[in-house]
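For reference, the structure is listed below as structure tokens.
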Amino acid sequence: MGFTPNVMPLLQLQNLTQRFDDLTALDDLSLLVEQGEFVSLLGPSGCGKTTTIRLVAGFLTPTQGRILIKGRDITSLPPEKRNMGMVFQSYALFPHLDVFENVAFGLRAKGTARHRITEKVKQALALVNLLGYEERLIFQLSGGEQQRVALARTLVTEPQILLLDEPLSNLDASLREQTRKQLRQLINSLGMTAVFVTHDQEEAFALSDRIALLSKGVCQQVGTARELYHSPVNEFVARFIGKSNILSLPFKDYGKDCLIFHLPSGDELRLHNDRNPQLRPGEIYRLLLRPEAIEFEKTPMNMRLFEAEVLARNFAGAFSEYELKGQGLSLLAMQPSLPQAKPFQVGEILEVHVSPKAIYLFP
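Take the sequence shown: its position 175, counting from 1, is numbered 941 in the numbering used here, and each next residue is one higher.
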């Protein structure tokens, strides 16, 4: 999405640990962010993502570890000397000031000349499509407009890194989608580097060059959205990103370009072997099958698994979800909700098919 890896990353987090008394909020996090890259910190509440961005901003000092900008250690620098811009979840706008004065606040604090303040504020408001709003008070703005004022106030100081702490979470669904598109286009056009905090995987997928997924203070995986979805390193990643079926099956043998596992029925499940893992016959291994990879018609590219009964059906808009039971296995399947397609009925018996390449063996 528009960044070029450099020899030296713009931002380096080295073995960051943050403890609050007996609570370890962040545990040995290391992360590189390239110039012009958009990186999201994703995870459930309490995973350490907000702690991380507050450490980067300088609002917290790490218990252990270092923070570097272009190779320079800034771990002990106060926030005002880091040249970073922060957009908060609450926007932190001043209700008694108009839009112009809110955006100008950081420039006045730096002692910027009056004529430069006027020029730069107008430039920042133009970037977020709010020219003409200068004299409006904050309570006269919609949620989306307030979010853009907060963004303009940050951009006007020309930070080298933009830090965004769940800035879209207070917007309704349709406005949130519209605003995130505008945000990504704006950051792309400016060539800015951004670190974005969110608990919303759809938001992270739509915005990010790479995603760092955290759980209980530990970084579970860093990669593109595609890598996290199709090649999760563990079950937490697989379950948090999208929906999943986790199968526990005994390994039987190596076949030609495939791995052979036993199904509870005694039938064989053959997986495409692209990593040549070292497996032991008879040992139980965990496999990932995404619900949307399940098919109910035979094609040259898939294989028949078994027959399964439809236990429940749920219409979810673009997809219909089916809970299936067959050969001692419970599966969730997702099928496109096409207007011309007849939905399967509870109690119906279906043949379950899947491509050998669609089943993923955890490392």
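The beta-carbon is built from N, C-alpha and C at its ideal position, and this holds for glycine as well.
Euclidean distance between Cα positions of residue i and residue j
i: Glu885; j: Asn895; result: 15 angstroms
i: Phe866; j: Arg919; result: 9 angstroms
i: Ile1012; j: Ala1004; result: 9 angstroms
i: Thr878; j: Gln855; result: 27 angstroms
i: Gln1106; j: Phe1017; result: 41 angstroms
i: Leu941; j: Arg1056; result: 29 angstroms
i: Glu969; j: Gly1032; result: 42 angstroms
i: Leu980; j: Ser997; result: 16 angstroms
i: Asp793; j: Lys1064; result: 47 angstroms
i: Tyr857; j: Gly872; result: 14 angstroms
i: Asp975; j: Ile1115; result: 42 angstroms
i: Phe860; j: Lys1009; result: 41 angstroms
i: His881; j: Pro1102; result: 57 angstroms
i: Met767; j: Ser955; result: Residue placement at Met767 is poorly supported in this model, since its pLDDT is 47, which falls under 50; the coordinates still yield a value, given next. When rounded, the distance between both Cα atoms is 11 angstroms.
i: Pro1047; j: Glu943; result: 48 angstroms
i: Gly898; j: Leu779; result: 40 angstroms
i: Val715; j: Pro775; result: The question about residue 715 has no answer here: the residues shown for the chain are numbered 767 through 1129.
Beta-ladder partner(s) of residue i, from DSSP
i: Leu917; result: In the DSSP output, where bridge partners are listed per residue, Leu917 has none listed.
i: Phe786; result: Leu789
i: Asn1011; result: Leu1055
i: Phe1017; result: Phe1027
i: Cys985; result: Leu980
i: Lys1091; result: Glu1075 and Ser1096
i: Tyr899; result: Tyr899 is not bridged to any residue.
i: Ala1082; result: Phe1085
i: Glu1133; result: Nothing about residue 1133 can be reported from this structure: the residues present for the chain run from 767 to 1129 only.
Candidates the options, of which the one nearest residue i by Cα
i: Arg838; options: Phe860, Val1118, Gln801 and Leu777; result: Leu777
i: Glu1001; options: Leu1029, Arg1036 and Tyr1051; result: Tyr1051
i: Leu798; options: Glu968, Leu834 and Gly824; result: Leu834
i: Arg785; options: Val887, Gly983 and Asp938; result: Gly983
i: Pro1109; options: Ala875, Glu943 and Phe1081; result: Phe1081
i: Gln1093; options: Leu1035, Glu1058, Asp788 and Arg1079; result: Leu1035
i: Pro925; options: Asp787, Ser811 and Gly851; result: Gly851
i: Phe1072; options: Leu807, Ser1096, Ser842 and Thr841; result: Ser1096
i: Ala875; options: Gln1111, Gln986 and Thr923; result: Thr923
Residue j beta carbon less than 9 angstroms from that of residue i
i: Arg1070; j: His1119; result: yes
i: Thr783; j: Gly831; result: yes
i: Leu1053; j: Ile953; result: no
i: Leu934; j: Arg946; result: yes
i: Ala1099; j: Glu1117; result: no
i: Gly989; j: Gly802; result: no
i: Leu973; j: Arg992; result: no
i: Ala1074; j: Val805; result: no
i: Leu1045; j: Tyr1020; result: yes
i: Leu903; j: Val853; result: no
i: Asn1068; j: Glu1058; result: no
i: Phe1006; j: Gly812; result: no
i: Leu1037; j: Pro1122; result: yes
i: Ile819; j: Asp931; result: yes
Closer than 8 angstroms: residue i CB and nearest the ligand SAH heavy atom
i: Ile1050; result: The ligand content of the structure shown is nil, which means the ligand SAH is not present either.
>> When you compare the segment 898-911 with the segment 959-966, are there three or more beta-carbon pairs, one atom per stretch, that lie closer than 8 angstroms?
In response: no
> Counting pairs of Cβ atoms below 8 angstroms between the segment 841-848 and the segment 818-825, do you hit three or more?
Replying inline: yes
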